[in-house]
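J.: For reference, the structure I am asking about is given below.
Protein chains: 2
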Amino acid sequence: MNTVYATSANVAERRLAPPSLAISTVIFALRPSETSGRPTLWLPLVRRIREPFKDMWALPGGPLQHDESLQDAASRNLRETTGLAPQYLEQLYAFGGLHRSPAQRVVSIVYWALVQPTEAALADESENVRWFRADRLAELAFDHNAIVDYALWRLRNKMAYGSIAYHLLGEFFTLAQVREVYEAVLDRQLDPANFRRQIKGTPEIEETGEYLQGGKHRPPRLYRFTGTPGLGPDNRSTP
Amino acid sequence: MNTVYATSANVAERRLAPPSLAISTVIFALRPSETSGRPTLWLPLVRRIREPFKDMWALPGGPLQHDESLQDAASRNLRETTGLAPQYLEQLYAFGGLHRSPAQRVVSIVYWALVQPTEAALADESENVRWFRADRLAELAFDHNAIVDYALWRLRNKMAYGSIAYHLLGEFFTLAQVREVYEAVLDRQLDPANFRRQIKGTPEIEETGEYLQGGKHRPPRLYRFTGTPGLGPDNRSTP
DNA sequence: ATTAGTTCTAGTCATTTTGACTATAACTAA
DNA sequence: TTAGTTATAGTCAAAATGACTAGAACTAAT
């Protein structure tokens, strides 16, 4: 009673074939805006070199390999397309609509990542890999616009509650830099004094003795993040 | 260059075969505790009738069919095993660890559901389908204990922020019943007066002219939920 | 050397929210 | 009629929040 499937199935076979499984990642990093210079959200996309959606931009992704976990697949994908090691990586959602891909049914398990700006600055960029502002995306392949929208929604949501902003910064940072992250993601100005009061109230942040020199104003104190990512079911056992 | 896979693959073939995709659901409903009579969280499990984990209890689930969306598959699954139509259904997580299932690599996309107590009361129960208290589960098949734990965590989390408690109640309810839901899920007592003040502050609830008669005390006013589930990326277009 | 310009940082003050608690209302059962 | 129960409104202090003020500490210009 064996049922046999083929990868390049014709229409008749497709009805029987199981949906194929793919992993994609939405990778966020902060880069200075070309115009204002203030940090804004960017993400890398890859150009599709084959049908469907040939020549359109898409999220980095690929098939799941048999010997890697979902998270490992996302991590590998990220490394292969951008050369980056993510500071933060979490599952976003499994997208499985029937008509996401025209020819073949594909279920995509999507992860989202945050990378530090220092790393993001030296990320690979090429003819087929380019960074875009997250709030100014053109039409992407598949349902990837909707996926990015959802990832942005999750990022804003997590930022409002959890302590996720630090993963978009380096090891040391000023409170003003943290505020700039919030302002970039939430897209609104925050009162500097109230923001610092609130954020200093959390235990996940630690003063260092250092100050950031070089600005044309009073040098701000540097802080360090001491909390843990502490997330979904997969990362629970590793504190 | 066609690669051919078989469903009952041997070890050699397994290395090539793509992971199989399954859908499972964690279904929560309130039922009165046998001891205290207060509402507590219960969920239905199915007895496995074949290996692996034969005779152990497991979450309802099954393979994804080619012509149904992930959510439809979860919904169908729920209906087939319990006869229930969920009041609330949301994707929980995609579990894809390498060794979740001993023989074969399985990626499970898990949904979680909330059903009303009136419906839950007439849910099918049989030799192979039984309801259990969510906080007193024995050892389940696969990684299903961890999945239930994570679903409970999400439920508690969503309850603390969003307006999800109402989906565990019928169309009309008293504020004390809402409080009992919170107390059951969060597992702690809440001050009745403060709770009602807080919950009456939200716009998603509406007074009715009706009162619940029959208690041996002042009859409480009945309320109605007017908000929307408003959730993940799949339900966004349908407000 | 002085001054202006900048951000950093601590603090004030009124408003809102929260938690603990009191008191009355409205029913049932004895 | 009274005791028992929960419903409901309200009080009060504590805590959190939002708008704002002012001095501190640096750089750059005069």
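Residue numbers (the UniProt record's numbering), protein chains in the order written: chain A, 1 to 239; chain B, 1 to 239.
Ideal Cβ placement from N, Cα and C applies to all residues, glycine included.
#1: Out of Gly214(A), Arg130(A), Ser126(A), point me to the one whose CA is closest to Ile27(A)'s CA.
#2: Which residue wins for smallest C-alpha separation from Asn115(B), given the options Glu139(B), Glu90(B), Ser108(B)?
#3: Measure the Cβ-Cβ separation of residue 242(B) and Asp234(B) and say whether it is below 8 Å.
#4: DSSP three-state call for Arg130(A): helix, strand or coil?
#5: Would you check if the region 142-160 of chain A and the region 221-228 of chain A touch, i.e. whether three or more CB-CB distances between them fall below 8 Å?
#6: Can you tell me which of the three DSSP states Glu210(A) falls into?
#7: Considering only their Cβ atoms, is the gap separating Ala134(A) from Leu122(A) smaller than 8 Å?
#8: For the beta strand (DSSP E) containing Gln116(A), name the first residue and the last one.
#9: Asn128(B): buried (16+ other C-beta within 10 angstroms of its C-beta) or exposed?
#10: In chain order, what residues of the same chain lie with their CB nearer than 7 Å to the CB of Leu190(A), ignoring the 5 residues before and after it?
#11: Run through DSSP, which three-state label would Thr82(A) get?
#12: Does any C-beta atom of chain A lie closer than 8 Å to the C-beta of Ala146(B)?
#13: Could you tell me the distance, in whole angstroms, from the CA atom of Thr202(A) to the CA atom of Lys54(A)?
#14: Are the Cβ atoms of Tyr111(A) and Ile199(A) separated by less than 8 Å?
#15: Could you list which residues in chain A have their beta carbon closer than 7 Å to that of Arg105(B), in chain order?
#16: How many Å lie between Glu210(A) and Leu41(A) at the Cα?
#17: So with Cβ pairs under 8 Å, would you call Ile109(A) a contact of chain B?
#18: When the Cα of Ala193(B) is compared with those of Ala176(B), Leu169(B), Gly62(B), which residue comes out closest?
#19: For the region 75-107 of chain B, enumerate the residues whose C-beta is nearer than 8 Å to any C-beta of chain A, in chain order.
#20: Please report the residue range of the alpha helix (DSSP H) in which Phe195(B) lies.
#21: Can you tell me which of the three DSSP states Ile205(A) falls into?
#22: Starting from the beta carbon of Glu211(A), find every residue of chain B whose beta carbon is closer than 8 Å, and list them in chain order.
T.: Per the coordinate set shown:
#1: For the purposes of this step, residue 27(A) is identified with residue 27 of the first sequence, where counting begins at 1. Of the candidates Gly214(A), Arg130(A), Ser126(A), the one whose C-alpha sits nearest the C-alpha of Ile27(A) is Arg130(A).
#2: For the purposes of this step, residue 115(B) is taken as the residue at position 115 of the second sequence. It should be noted that the sequence gives Val, not Asn, for residue 115(B). Taking only the C-alpha atoms, the option nearest Val115(B) is Glu90(B).
#3: This structure leaves residue 242(B) out entirely; chain B is present only between 1 and 239.
#4: On the first sequence, residue 130(A) is found 130 positions in, with the first residue counted as 1. Strand.
#5: no
#6: Start at 1 with the first residue of the first sequence, and residue 210(A) comes out as number 210. Strand.
#7: Here residue 122(A) corresponds to residue number 122 of the first sequence, with the count starting at 1. Here residue 134(A) corresponds to residue number 134 of the first sequence, with the count starting at 1. No, they are not a contact pair.
#8: By one-based count along the first sequence, residue 116(A) stands at place 116. Counting along the chain, Gln116(A) falls outside any beta strand (DSSP E), and DSSP gives it neither H nor E.
#9: Taking the second sequence and counting its residues from 1, one reaches residue 128(B) at position 128. Classification of Asn128(B): exposed, given that the 10 Å Cβ count is below 16.
#10: Within the first sequence, residue 190(A) is the residue found at index 190, counting from 1. Hits under 7 Å: Arg179, Tyr182, Glu183.
#11: Sequence index remark: in the first sequence, residue 82(A) carries index 82 (1-based). Here Thr82(A) sits in helix by DSSP.
#12: Working through the second sequence from its first residue, we reach residue 146(B) at position 146. Closer than 8 Å to some Cβ of chain A, the Cβ of Ala146(B) qualifies, so yes.
#13: Sequence index remark: in the first sequence, residue 202(A) carries index 202 (1-based). Sequence index remark: in the first sequence, residue 54(A) carries index 54 (1-based). Approximately 48 Å between the Cα atoms of the pair.
#14: Numbered from 1 along the first sequence, position 111 holds the residue referred to as residue 111(A). Numbered from 1 along the first sequence, position 199 holds the residue referred to as residue 199(A). No.
#15: Here residue 105(B) refers to the residue found at position 105 of the second sequence. Going along chain A in sequence order, the residues near Arg105(B) (Cβ under 7 Å) are His66.
#16: For the purposes of this step, residue 210(A) is taken as the residue at position 210 of the first sequence. For the purposes of this step, residue 41(A) is taken as the residue at position 41 of the first sequence. Each residue's Cα considered, the two are about 27 Å apart.
#17: Sequence index remark: in the first sequence, residue 109(A) carries index 109 (1-based). Ile109(A) counts as touching chain B.
#18: The residue you call residue 193(B) lines up with position 193 of the second sequence. Looking at the Cα atoms, Ala176(B) is the closest of the given residues.
#19: Gln91, Tyr93, Ala94, Phe95, Gly96, Gly97, Leu98, Arg105, Val107
#20: The residue you call residue 195(B) lines up with position 195 of the second sequence. Taken as a continuous stretch (DSSP letters only), the alpha helix (DSSP H) holding Phe195(B) covers 192-200.
#21: In the first sequence, counting from the first residue as 1, residue 205(A) sits at position 205. It is a strand residue.
#22: If you number the first sequence from 1, residue 211(A) lands on position 211. In the sequence under discussion, the amino acid at residue 211(A) is Tyr, which differs from the Glu named in the question. Result: empty, since nearest Cβ-Cβ is about 38 Å, beyond 8 Å.
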